[in-house]
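Read the structure below first, then the notes.
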Amino acid sequence: MEQPHTHLSHPRIATRLKRANGHLSSVISMIEDGRHCADIAQQLQAVEKAITNAKRELIFDHIDHCLEDARKDARAEGQSEMFKDIARYL
Numbered sequence: 015m016e017q018p019h020t021h022l023s024h025p026r027i028a029t030r031l032k033r034a035n036g037h038l039s040s041v042i043s044m045i046e047d048g049r050h051c052a053d054i055a056q057q058l059q060a061v062e063k064a065i066t067n068a069k070r071e072l073i074f075d076h077i078d079h080c081l082e083d084a085r086k087d088a089r090a091e092g093q094s095e096m097f098k099d100i101a102r103y104l
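End of the sequence shown sits at 104 in our numbering; the numbers just go up one at a time, nothing left out.
This is how it looks when you write it as structure tokens:
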């Protein structure tokens with residue numbers, strides 16, 4: 015079995031995603047309650063921004079740590095592929 019892949023940033027990212035999840039639950043309730051579209055759109059914007067920020071932090075952390083580790087381990091041939099794999103999510 016593969017070892018867990020964790021970074022120091024993962025708890026912060028999980029917190030961001032939990033906040034986004036809370037916002038999303040709020041949006042669903044707002045829709046079901048018949049709230050104004052502008053209010054719903056504002057909350058959806060908050061969800062989107064929270065997810066974007068979590069994704070950005072994860073990707074930058076990956077670039078800072080995983081690619082640096084690959085370079086140090088003299089696995090440069092795999093480093094380019096690792097970067098391409100993560101960069102497609104930017």
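In this text, a Cβ means the ideal position worked out from N, Cα and C, and glycines have one as well.
Item, Value
"Spatial distance of Gly36 from Ala28 (CA atoms)", "12 Å"
"Collapsed DSSP secondary structure at Ser23 in the structure displayed", "coil"
"Euclidean distance between Cα positions of Ala60 and Ile73", "20 Å"
"With 16 other Cβ atoms within 10 Å as the buried cut-off, status of Ala68", "buried"
"Endpoints, the alpha helix (DSSP H) within which Leu72 is located", "Cys51 to His76"
"Given Tyr103 as reference, the closest of Lys32, Arg70 and Asp75 once Cα atoms are compared", "Arg70"
"C-alpha distance - Lys32 paired with Ala55, whole-angstrom precision", "19 Å"
"Within-8 Å CB hit, Ala60 to chain B", "Annotation note: the requested chain B is absent from the structure, which comprises a single protein chain."
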